[in-house]
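Enquirer: Supplied in structure tokens, the structure appears directly below.
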Amino acid sequence: MSNATIALRNLPDDVRLLRLEALVAASEALNRASGLDDILSVILDLVSTQLDCERGTVFLRDRRTDKLHARQMIGSERIEIILERGVGIAGHVAESGESVFINDVQADPRFDSTTDVRTGFKTKTMLCVPLRKPDEPPLGSLQAINARGGHFSEADLAYLESFAALAAVAVEREQLAQEAVRAQMLSTELNLARKIQQRLLPPAGNINLPAPLTSATQKAHSPVGSMTAS
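Quick note: the sequence shown uses the numbering used here, first residue 7, plus one each step.
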């Protein structure tokens, strides 16, 4: 049993009940969300509210390039963040599947300060957990950044891990739905192209071939028995 799970179980009953109720409400909100952007907005709104932090980020793995893309952010303008495999804390978590709980991010050797330099934001504290269903490879990682109370707790980490599992179900569901739509669109486009091609081609037997091709075609189709021995 992880330290985070123990910390969650050791919370006072009323606080633990509030966290469980929050997870139920989160599941309902994710089920109501429509479209990937809406799902990601719900995820980050809930992270910010439940963990009382300044910023959250969802990183999703691009299956084609194996890079991590930050899809949305809270508390700052939306900027594009792309991480190579295993780079930064988000990359480490998505690669290893291990959660991290850091109350001095600047001192962590895994921290990539590129985004802080670009935005002027200073990352101080962080929770980062794999975005995945139980016993499956991560789809990416989920971060909660800068606790307004000064630091995060092990119980906060346990909550975020549980929430990330719910979020992963919603994200994967939408990704599969999008893939199904793309496959259907491709099938429709191919069928349309085939019909257009058939309309443009003349009917069989009505093709006017050049004289040499016509002669060659007739010889090719003449019965073998009618050929004269040389």
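Cβ atoms here follow ideal geometry from the backbone N, Cα and C, with glycine treated the same way.
Since the structure is predicted, the reported quantities are computational estimates derived from the model, not experimental observations.
What residue range does the alpha helix (DSSP H) around E238 cover?
Expert: Residue 238 lies beyond the range of the chain shown here (7 to 236); nothing can be said about it.
Enquirer: Quick one: grab the DSSP three-state call for N152.
Expert: Of the three classes helix, strand and coil, the one that applies to N152 here is strand, per DSSP.
Enquirer: Given a threshold of 16 other Cβ atoms within 10 Å of its Cβ, counted over all protein chains shown, does N152 qualify as buried or as exposed?
Expert: So N152 counts as buried.
Enquirer: With E101 as the anchor, note down where its alpha helix (DSSP H) starts and where it stops.
Expert: From DSSP, the alpha helix (DSSP H) with E101 extends over G94 to S102.
Enquirer: Can you tell me whether DSSP reads E60 as helix, strand or coil?
Expert: Correct three-state label for E60: strand.
Enquirer: For R61, count neighbouring C-beta atoms within 10 Å of its own C-beta (all shown protein chains included) and say buried if the count is 16 or more, exposed if not.
Expert: Buried is the call here.
Enquirer: Is R108 helix, strand or coil by DSSP?
Expert: Sequence check: residue 108 is Ile here, not Arg. Strand.
Enquirer: If you draw a straight line from the alpha carbon of T55 to that of R25, how long is it in whole angstroms?
Expert: C-alpha separation (whole angstroms): 12 angstroms.
Enquirer: Spell out the partners DSSP gives I88 in its beta bridges.
Expert: Beta-bridge pairing links I88 to H75.
Enquirer: Have a look at the DSSP bridge pairing and note the partners of P115.
Expert: None, per the DSSP bridge assignment.
Enquirer: To which residues of the same chain is K128 closer than 7 angstroms at the C-beta, ignoring the five residues directly before and after it?
Expert: Excluding sequence neighbours, K128 sits near D122.
Enquirer: Give me the Cα-Cα distance between N37 and I45, rounded to the nearest whole angstrom.
Expert: Near 9 angstroms, if we compare the C-alpha coordinates of I45 and N37.
Enquirer: In whole angstroms, give me the CA-to-CA distance for A43 and R77.
Expert: It is worth fixing the name first, because residue 43 is Asp in this sequence and not Ala. Near 8 angstroms, if we compare the C-alpha coordinates of R77 and D43.
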